[in-house]
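> When you line the sequence shown up against the numbering used here, it's residues 1303 to 1618, in that order.
Beta carbons are placed, not taken as given, at the ideal position from N, Cα and C, and that holds for glycine.
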Amino acid sequence: MALDKSLKRFGMLYGSSPVMERLYQQLDKVAITDATVLLAGESGTGKELIAQTIHQTSRRSKETFIAVNCGAIPAHLIEAALFGHEKGSFTGAARQHVGYFEHASRGTLFLDEITEMPTDMQVKLLRVLESGMFLRVGGSDEVKVDVRLIAATNRDLEAAVKQGSLREDLMYRLAVFPIRVPPLRERNGDIELLAQHFLQILNAKDNTKKTFSRNSMEMIRSYTWPGNVRELKNVVHRAFILSSDTLVIEEHLSDISARKPTLHEGFLNFSVGTPLADAQREIILATLKHFSGNKRLTAEALGISLKTLYNRLKDY
Ligand SMILES: Nc1ncnc2c1ncn2[C@@H]1O[C@H](COP(=O)(O)OP(=O)(O)OP(=O)(O)O)[C@@H](O)[C@H]1O
Ligand SMILES: [Mg+2]
């Protein structure tokens, strides 16, 4: 329980790291406005949770929040899904149908995987954002709505624009308030806090008192979590189920021990802005692994003394 005290919360989000605090500050400022927000972050970093948190913290909290995954709707259906259609507008359109925009009226519409939206729809969306009006498919009367839009992508925005999957004009219109959602590996200290948090939730549900063994926690801390918070949550859940005793041990975390860190054929992947300490740790551990644990060769390759290497490893 003691650990949970230092776990900070903003809306539905948990985390106490400096990057999360910065995120909370941004959310605190933008939530009360009607500004369009563009969330960019890796898969599983909590983009949908952030969108919900923005809605709940806004003056629209009593109204509807609708999440739409643009990648999950077939291209030929997306216009009618978003804007609705009039009776008889196409074969099978027996009745008038109201789209997500109208459903979310006075509330918030979350457009997930925005880069998956066909380009011609992106043009239409831009027009709606600019005028606040649209036509239902097959309709001739403009419909006016008051919807706050939040969009998200797990792709690199610039690359998506370059490759043509996101129109530049739409990107600028959506990015009135852009938010980069940090991956879990950049949230110093949060991995452990979140693991404890998720375990506590499961404990509360099942009326159990399971805890992590020292070694299992060390394993959780040293893993790089490419699947971010979602992966952590799932791994904890699985370990919770597997541990029949009150202790979660390494054996229950076999799914992460079997996986490699972000090492691709001798290369490490870092995003710009990775804290130096994190990068250093990854480089040291990966090099040590490369030399099959031989510390002398590792120190030599990294250009540090054996003593420095030992000290670092002790810290980790
Ligand atoms: N800061 C957080 N605190 C607590 N739970 C979190 C946090 N961030 C994410 N989660 C949990 O992790 C899971 C993934 O979050 P979410 O679906 O919001 O991620 P996402 O960025 O939308 O992922 P994707 O790009 O794959 O759609 C959810 O179960 C969510 O509740
Ligand atoms: Mg999502």
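Roughly how far, in whole angstroms, is the beta-carbon of Leu1437 from the beta-carbon of Phe1385, given that I think they are within contact range, below 8 Å?
Here the question's residue 1437 lines up with position 135 in the sequence shown. Here the question's residue 1385 lines up with position 83 in the sequence shown. About 7 Å separates the two Cβ atoms, so the contact holds.
> Give, in chain order, every unbroken run of the alpha helix (DSSP H) that is at least 4 residues long and sits entirely within the region 1540–1616.
For the region 1540–1616, whole alpha helix (DSSP H) runs of length 4 or above, ordered along the chain, are 1556–1559, 1578–1592, 1597–1604.
> Let me confirm a value: Leu1418 is counted as buried when at least 16 other C-beta atoms fall within 10 Å, else exposed. Which label applies?
Taking the first residue of the sequence shown as position 1, residue 1418 is located at position 116. Inspection of the sequence shows that residue 1418 is occupied by Glu rather than by Leu. Burial call: buried.
> Excluding the 5 residues flanking Ala1342 on each side, which residues of the same chain have their C-beta closer than 6 Å to its C-beta?
Here residue 1342 corresponds to residue number 40 of the sequence shown, with the count starting at 1. Only Thr1455, Leu1459, Arg1482 meet the Cβ criterion.
> Can you give me the start and stop residues for the beta strand (DSSP E) that Leu1413 sits inside?
Here residue 1413 refers to the residue found at position 111 of the sequence shown. 1410–1414 is the extent of the beta strand (DSSP E) around Leu1413.
> Measuring straight from C-alpha to C-alpha, what distance separates Ile1352 and Ala1541?
Mapped onto the sequence shown, residue 1352 falls at position 50. Mapped onto the sequence shown, residue 1541 falls at position 239. Their Cα atoms are separated by approximately 26 Å.
> Taking Ser1524 and Val1550 to be in contact with their CB atoms under 8 Å, please state how far apart those CB atoms are, rounded to whole angstroms.
As a first step, residue 1524 is located in the sequence shown; it is residue number 222 there, counting from the start. As a first step, residue 1550 is located in the sequence shown; it is residue number 248 there, counting from the start. Not confirmed; about 16 Å, so no contact.
> Using the three-state DSSP reduction, which class does Lys1446 fall into: helix, strand or coil?
Stepping through the sequence shown from its first residue, residue 1446 is reached at position 144. Residue state, collapsed to three classes: strand.
> How would you call Asn1590, buried or exposed, if buried means at least 16 neighbouring beta carbons within 10 angstroms?
As a working note, residue 1590 is residue 288 in the sequence shown. Before going on, a small fix: residue 1590 reads as Leu here, not Asn. Its Cβ being crowded by 16 or more others within 10 Å, Leu1590 is buried.
> With distances taken from each beta carbon to the nearest heavy atom of ligand 3, which residues come in below 6 Å, in chain order?
Ligands present in the displayed structure are limited to ligand 1 and ligand 2, and ligand 3 is not among them.
> Is there contact here, the region 1495–1509 with the region 1366–1373, by at least three beta-carbon pairs under 8 Å?
Too few Cβ pairs lie closer than 8 Å, so no.
> Can you tell me where the beta strand (DSSP E) with Val1339 in it begins and where it stops?
Reading the sequence shown from its first residue, position 37 is the one you call residue 1339. Its beta strand (DSSP E) spans residues 1339–1343.
> At what residue ranges does the region 1451–1497 contain a whole run of the beta strand (DSSP E), taking only runs of 3 or more?
Qualifying beta strand (DSSP E) stretches, in chain order: 1479–1483.
> At a cut-off of 8 Å, is Gly1575 close to ligand 1 when judged by its beta-carbon and the heavy atoms of the ligand?
Mapped onto the sequence shown, residue 1575 falls at position 273. Gly1575 Cβ: outside cutoff for every heavy atom of ligand 1.
> Could you check whether the region 1415–1431 touches the region 1470–1477, counting it as contact only if at least three pairs of C-beta atoms, one from each stretch, sit closer than 8 Å?
The answer is yes - the region 1470–1477 touches the region 1415–1431, with three or more Cβ pairs under 8 Å.
> Starting from Ala1382, trace the alpha helix (DSSP H) both ways and give me its first and last residue.
Sequence index remark: in the sequence shown, residue 1382 carries index 80 (1-based). 1380–1385 is the span of the alpha helix (DSSP H), which, as asked, contains Ala1382.
> Give me the Cβ distance between Leu1578 and Leu1534, rounded to the nearest whole Å; I'm assuming they're in contact under 8 Å.
Within the sequence shown, the letter at position 276 stands for residue 1578. Within the sequence shown, the letter at position 232 stands for residue 1534. Wrong, their Cβ atoms sit about 23 Å apart, outside the cutoff.
> How about Lys1512 and Ser1545: do their beta carbons lie closer than 9 Å?
As a working mapping, residue 1512 is identified with position 210 in the sequence shown. As a working mapping, residue 1545 is identified with position 243 in the sequence shown. Against a cut-off of 9 Å, the Cβ pair of Ser1545 and Lys1512 comes out as a contact.
> Along the chain, where does the alpha helix (DSSP H) containing Phe1403 start, and where does it finish?
Looking up residue 1403 in the sequence shown gives position 101. Residues 1402–1405.
> In whole angstroms, what separates the C-alpha of Arg1362 from that of Val1439?
To locate residue 1362, count along the sequence shown from 1; it is residue 60. To locate residue 1439, count along the sequence shown from 1; it is residue 137. Looking at the two C-alpha atoms, the distance is approximately 27 Å.
> Alpha carbon to alpha carbon, how far is Val1537 from Asp1557? Give it in angstroms, no decimals.
If you number the sequence shown from 1, residue 1557 lands on position 255. If you number the sequence shown from 1, residue 1537 lands on position 235. Using only the alpha carbons, I get a separation of about 7 Å.
> Let me know if Arg1489 comes out buried or exposed under the rule of 16 or more other beta-carbons within 10 Å of its beta-carbon.
Position 187 of the sequence shown, counted from the start, is the residue given in the question as residue 1489. It counts as buried.
> On the three-state DSSP scale, how would you describe Ile1368?
For the purposes of this step, residue 1368 is identified with residue 66 of the sequence shown, where counting begins at 1. The answer is strand: DSSP assigns Ile1368 an E or B state.
> Tell me whether Pro1484 is buried or exposed, calling it buried when 16 or more other Cβ atoms sit within 10 Å of its Cβ.
Start at 1 with the first residue of the sequence shown, and residue 1484 comes out as number 182. By the neighbour-count rule (16 or more Cβ atoms within 10 Å), Pro1484 is buried.
> Assuming Val1449 and Ser1407 make a contact with CB atoms under 8 Å, what is their CB distance in whole Å?
The residue you call residue 1449 lines up with position 147 of the sequence shown. The residue you call residue 1407 lines up with position 105 of the sequence shown. Yes, they are in contact, since the Cβ atoms of Val1449 and Ser1407 sit about 6 Å apart, within 8 Å.
> Could you pull out every residue in the same chain whose Cβ sits closer than 8 Å to the Cβ of Ala1383, ignoring the five residues on either side in sequence?
Against the sequence shown, residue 1383 aligns to sequence position 81. These residues qualify, in order along the chain: Val1370, Ile1375, Gly1401, Tyr1402.
> Roughly how many whole angstroms lie between the Cα atoms of Ala1395 and Lys1446?
Indexing the sequence shown from 1 puts residue 1395 at position 93. Indexing the sequence shown from 1 puts residue 1446 at position 144. If I take the Cα positions, the gap works out to 22 Å.
> List the endpoints of the continuous alpha helix (DSSP H) containing Glu1388.
On the sequence shown, position 86 is the one that residue 1388 refers to. Note, Glu1388: premise wrong, no alpha helix (DSSP H); not H, not E.
> Under three-state DSSP, which class holds Thr1510?
The residue given as residue 1510 occupies position 208 in the sequence shown. Thr1510: coil per DSSP, three-state reduction.
> Can you tell me where the alpha helix (DSSP H) with Gln1358 in it begins and where it stops?
Here residue 1358 refers to the residue found at position 56 when the sequence shown is read from its first residue. Residues 1349–1359.
> Do His1357 and ligand 1 come close, with the Cβ less than 8 Å from some heavy atom?
For the purposes of this step, residue 1357 is taken as residue 55 along the sequence shown, with counting starting at 1. Not so, every heavy atom of ligand 1 lies at least 8 Å from the Cβ.
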